[in-house]
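K.L.:
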């Protein structure tokens, strides 16, 4: 079933960017967050540079009698962040992210806009700058690419690190375990209504993949001229070739985690 965005919680509306693909699923989710009745809105991940998309986001905000005061990035990949400078020009909002100057976000920060509270949770691993945001009033977590609405994500080596990613999944699992988060609002794909089950699946998947990689190395991939390709051919043979470049990044991250050197690893 295709995902098309729309109003998904009392405070969160998704405008789907027109960039579907193997890595972006239905497209990038641009999230408009607004406290009911408020006149100030937060936009998370304005997406790729597409003026029609940005105008749609602006209309969603304007139709609610509000203006955008904060544009927030879950991480710096272009499908999430490329449009941020242009969107800031259109809206007069400030851009907030990791490594963006005086508006840098840090783990544990609280962003308050128009009565809406967002808590920053550092969740590196997919990339070094990946952040998630707890929308406590809706018991929701905006995860960017750390947890997707469908399928699993890539650990984008060398910026992404598997050890950090596994720790981030533990942090999210703790939030789902204590009831702070019940719903995931991802960067791609549909809303996840059972956050705990999805995070448990992600953790199991990562453990299983690591075991498969260990077995592939034992079966001879470690002796191949390029262990990355050796693992790819043994473990990811059933994965569509169009996503093999992303699979290679994850394999390099897995080999680094296991202490195995390989060409480009």
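Residue numbers (this note's numbering): 1 to 265.
Glycine included, C-beta positions come from ideal geometry on N, C-alpha and C.
1. Using the DSSP secondary-structure output, state which residues sit across from residue 197 in a beta bridge.
2. With 16 as the cutoff for other CB atoms within 10 Å, does residue 85 come out buried or exposed?
3. Going by beta carbon distance, what residues of the same chain come within less than 6 Å of residue 7, once the five residues before and after it are set aside?
4. Suppose contacts are defined by Cβ-Cβ distances below 8 Å. Is residue 233 in contact with residue 22 by that definition?
5. Determine, using beta-carbon pairs with one atom in the stretch 23-35 and one in the stretch 89-96, whether at least three such pairs fall under 8 Å.
6. Quick check on the burial criterion: 16 or more other C-beta atoms within 10 angstroms. Buried or exposed for residue 65?
7. Checking the sheet assignment: what are the DSSP bridge partners for residue 71?
8. If you reduce the DSSP assignment to three classes, tell me which class residue 21 lands in.
9. So residue 121 and residue 106 are supposed to be a Cβ contact under 8 Å. How far apart are they, rounded?
10. By Cβ distance below 8 Å, which residues in the same chain neighbour residue 222 in space, the five residues on each side in sequence not counted?
11. What three-state label does DSSP hand residue 57 in the structure shown?
P.N.:
So, to answer that:
1. Locating residue 197 in the chain shown gives position 197, where the first residue counts as 1. Answer is none; residue 197 lacks a bridge partner.
2. Residue mapping note: residue 85 aligns to position 85 of the chain shown, counting from 1. Burial call: exposed.
3. To locate residue 7, count along the chain shown from 1; it is residue 7. Cβ within range, chain order: 13.
4. Taking the chain shown and counting its residues from 1, the one referred to as residue 233 is at position 233. Taking the chain shown and counting its residues from 1, the one referred to as residue 22 is at position 22. No, these two residues do not count as a Cβ contact at 8 Å.
5. Short answer: they don't touch.
6. One-based indexing of the chain shown puts residue 65 at position 65. Residue 65 is exposed by the Cβ-count criterion.
7. Taking the first residue of the chain shown as position 1, residue 71 is located at position 71. According to DSSP, residue 71 bridges with 43 and 95.
8. Counted from its first residue, the chain shown places residue 21 at position 21. Three-state DSSP puts residue 21 in a strand.
9. Within the chain shown, numbered from 1, the residue matching residue 121 stands at position 121. Within the chain shown, numbered from 1, the residue matching residue 106 stands at position 106. Rounded, the Cβ-Cβ distance is 11 Å, inconsistent with contact.
10. As a first step, residue 222 must be located in the chain shown, where it is residue number 222. Hits under 8 Å: 230 and 260.
11. Start at 1 with the first residue of the chain shown, and residue 57 comes out as number 57. Helix at residue 57.
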